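Trainee:
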Amino acid sequence: MHVNGMEDNPQWTVAERKAWIDSKIFGLSYAIQTFGVERYKKNIQKTNHGFSYALTRLFPEAAIPPDPALPYQPSLEERKQRLKEAARETAKRAKELAQEKAGPIYAACEGVKS
Numbered sequence: 001m002h003v004n005g006m007e008d009n010p011q012w013t014v015a016e017r018k019a020w021i022d023s024k025i026f027g028l029s030y031a032i033q034t035f036g037v038e039r040y041k042k043n044i045q046k047t048n049h050g051f052s053y054a055l056t057r058l059f060p061e062a063a064i065p066p067d068p069a070l071p072y073q074p075s076l077e078e079r080k081q082r083l084k085e086a087a088r089e090t091a092k093r094a095k096e097l098a099q100e101k102a103g104p105i106y107a108a109c110e111g112v113k114s
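Note that the UniProt record's numbering gives residue 101 to position 101 of the sequence shown, counting from 1, and the numbers run on in steps of one.
#1: Is it true that the region 22-33 meets the region 53-60, where meeting means three or more beta-carbon pairs spaced less than 8 angstroms apart?
#2: Output the distance between the C-alpha atoms of LYS41 and GLN81, rounded to the nearest integer angstrom.
#3: Spatial neighbours of ALA19 within its chain, please: C-beta separation below 7 angstroms, excluding the five flanking residues on both sides.
#4: May I have the straight-line CA-CA distance separating LYS101 from LEU76, to the nearest angstrom?
#5: Among LEU28, PRO74, LYS84, which one has its Cα closest to the Cα of HIS49?
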């Protein structure tokens, strides 16, 4: 990523991203390049969300509304809450399953003989 000031307006900053995906392996270059492009597409979405998050935290007054074309991304607090709920549900199901599988336990105690 290359970041620099805009020539027309020095108050603005431009972030320019470029990627090169190349392979010289005979017979596999197209497959490797295709894989690289798909991987880049997936990872750049995460990068864009992180970059937007950082900019929003640094400059909250200039926050850009989310792009409706992008899928909804829950906030960190929402994600934490969902993970907690999922962990509770998993623990509850594991406990119920363990109770179903466990049979009754019988113990016999004998008195101490002297």
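Idealized CB from N, CA, C, for every residue including glycine. All of these numbers come straight from a predicted model, not from anything done at the bench.
Mentor: Quick look at the numbers:
#1: The region 22-33, when compared against the region 53-60, does not touch it at the 8 angstroms Cβ threshold.
#2: A straight line joining the alpha-carbon of LYS41 with that of GLN81 spans about 28 angstroms.
#3: Excluding its 5 nearest sequence neighbours in each direction, ALA19 has C-beta neighbours in its own chain below 7 angstroms: TYR40, listed in chain order.
#4: Cα-Cα distance, rounded: 37 angstroms.
#5: A check of alpha carbon separations from HIS49 across LEU28, PRO74, LYS84 identifies PRO74 as the nearest.
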